[in-house]
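For the sequence shown, position 163 matches number 163 in full-length UniProt numbering, and the numbering has no gaps at all.
The block underneath contains the structure these notes are about, expressed in structure tokens.
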Amino acid sequence: MLIEELREITRIPGISGYEEKVREKIAEWIKPYADYTVDTIGNLLVELGEGETKAVFMAHMDEIGLLITGIRPDGKLTFRKVGGIDDRLLYGRHLDVITENGKLDGVIGVLPVHLNLERKFETVPWHRLVIDIGADSREEAETLGVKVLDYAVFKKHFAVLNDRYVSTRSLDDRFGVVALVEAIKDLVDHDLDGKFIFAFTVQEEIGLKGAKFLTQKYSPKYAFAVDSFGCCADLTGDVRLGGGAVIRAVDNSAIYTRRLARRVAEIASKNKIPLQIGVTGGGTDASVFQDKSEVLALSVPIKYLHSEVETLHLGDLEALIKLIEAIAFEL
């Protein structure tokens, strides 16, 4: 079940500002269970319960990718990066170029080692690369349907490793989307103490824009981001895949509310939910609520974050879903 949901949602392209295809799939999943609304910036919102707004849970829909900025006379496409992409990952890659009319295959080519006369192998910066869609002229590229402000994503390959791990592009943060959808399904028929907002946010990768928009409408007691915990490195300590859900206690955007972290840890212990606590880099949607709410980031460990082979452990995702539901019941 979780594998198929992850397979379906990660295959859908949707960089920051272009999340509509992802939002349509989430709406399709949610519609049989709960009402939803879409706000003016594009966040999809589900409200469960009544009364005071107790908590907001946020998972972002967008992914990193490339925005088409121009078409050269030779038919090649220039681009800029959207979100945090390591330039080393761009060289020699297959891409899906997403146009208004559909999808085109594209590649970022390489200089063969045989022709590298200077024998220099440093990373080629993104602004010196182009996307080849097989067009020989600007006119031919336009005939294929490409326009400036179309976009491209890494071609998706979905792998299940040893029946325990899933590896693919855009697990960040489509696993969070799946976690919120599953929690909504389980919580919708229960009486909750207060109102709980489940928000599928936009434009997280370029500055938490969707979450910032939510702060104009909601003043919850608690604000949770459900987002990746990049691991496993010296910075992230003992957090590991297969060890359970993660409280992302500190990152580059926030030192999250320690009191809330302790409370969530107690809830996990009471419900026998495996839980880890750690420090990582990056930032989350929850940080923008710090001036009005107690905030925390809930995660699963992700290896190889912001690459084509992001990897999670299915047991960690199951633990995270249980934790979200337990928090809604017990806070």
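Heads up, the beta-carbon is just placed ideally off N, CA and C, and yes, glycines get one too.
All figures in this text were calculated on a predicted structure; none of them were measured in a lab.
- Boundaries of the beta strand (DSSP E) around residue 105: 102-107.
- A Cβ-Cβ contact shorter than 8 Å links residue 222 with residue 260.
- Within the DSSP secondary-structure output, residue 233 pairs in no beta bridge.
- Look at residue 228 here: in three-state DSSP terms it is coil, with no helix or strand label.
- Note that the C-beta distance between residue 255 and residue 265 is not below 8 Å.
- One Cα belongs to residue 108, the other to residue 156, and the distance between them is close to 15 Å.
- In the three-state scheme derived from DSSP, where H, G and I count as helix and E and B as strand, residue 121 is classed as coil.
- Contact fails between the region 131-142 and the region 156-169, because fewer than three Cβ pairs, one in each stretch, are under 8 Å apart.
- Counting only residues of its own chain and dropping the five nearest sequence neighbours on each side, residue 153 has a CB closer than 6 Å to the CB of 13, 65, 96.
- Between residue 225 and residue 188, the alpha-carbon positions lie close to 20 Å from each other.
- Note on residue 217: under 16 other CB atoms within 10 angstroms of its CB, so exposed under the neighbour-count rule.
- Taking C-beta atoms as the reference points, residue 2 and residue 26 fail to come closer than 8 Å.
- Counting only runs of 3 or more residues that sit fully inside the region 59-87, the beta strand (DSSP E) segments are 65-71, 77-82, in chain order.
- Annotation for residue 96: the continuous beta strand (DSSP E) segment containing it runs 94-99.
- Within the model, the alpha-carbon separation for residue 85 versus residue 303 is close to 15 Å.
- Sorting 279, 199, 215 by C-alpha distance to the C-alpha of residue 236 places 279 at the top.
- Taking each of 309, 229, 283, 129 in turn and checking the Cα distance to residue 81, the smallest one comes out for 129.
- The DSSP assignment places 151-154, 159-161, 165-167 as complete runs of the beta strand (DSSP E) inside the region 132-198, in order along the chain (cut-off: 3 residues).
- Residue 184 is a Cβ neighbour of residue 48, given a cutoff of 8 Å.
- A residue is called buried when at least 16 other Cβ atoms come within 10 angstroms of its Cβ; residue 149 does not meet this threshold and is exposed.
- Counting only unbroken stretches of 3 or more residues, no beta strand (DSSP E) element lies wholly within the region 2-35.
- Assignment of residue 114 by DSSP, reduced to helix, strand and coil, places it in the helix class.
- For the 8 Å CB-CB criterion, residue 41 and residue 146 do not form a contact.
- Shown here for residue 325: same chain residues with a beta carbon closer than 8 Å to its own, the five before and five after excluded, namely 183, 186, 187 in chain order.
- For residue 325, the enclosing alpha helix (DSSP H) stretches over residues 314-330.
- Our two residues, residue 59 and residue 116, have alpha carbons roughly 44 Å apart in a direct line.
- Contact between residue 281 and residue 251 holds: their C-beta atoms lie close to 6 Å from each other, under 8 Å.
- For residue 211, the secondary structure class from DSSP, reduced to helix, strand or coil, is helix.
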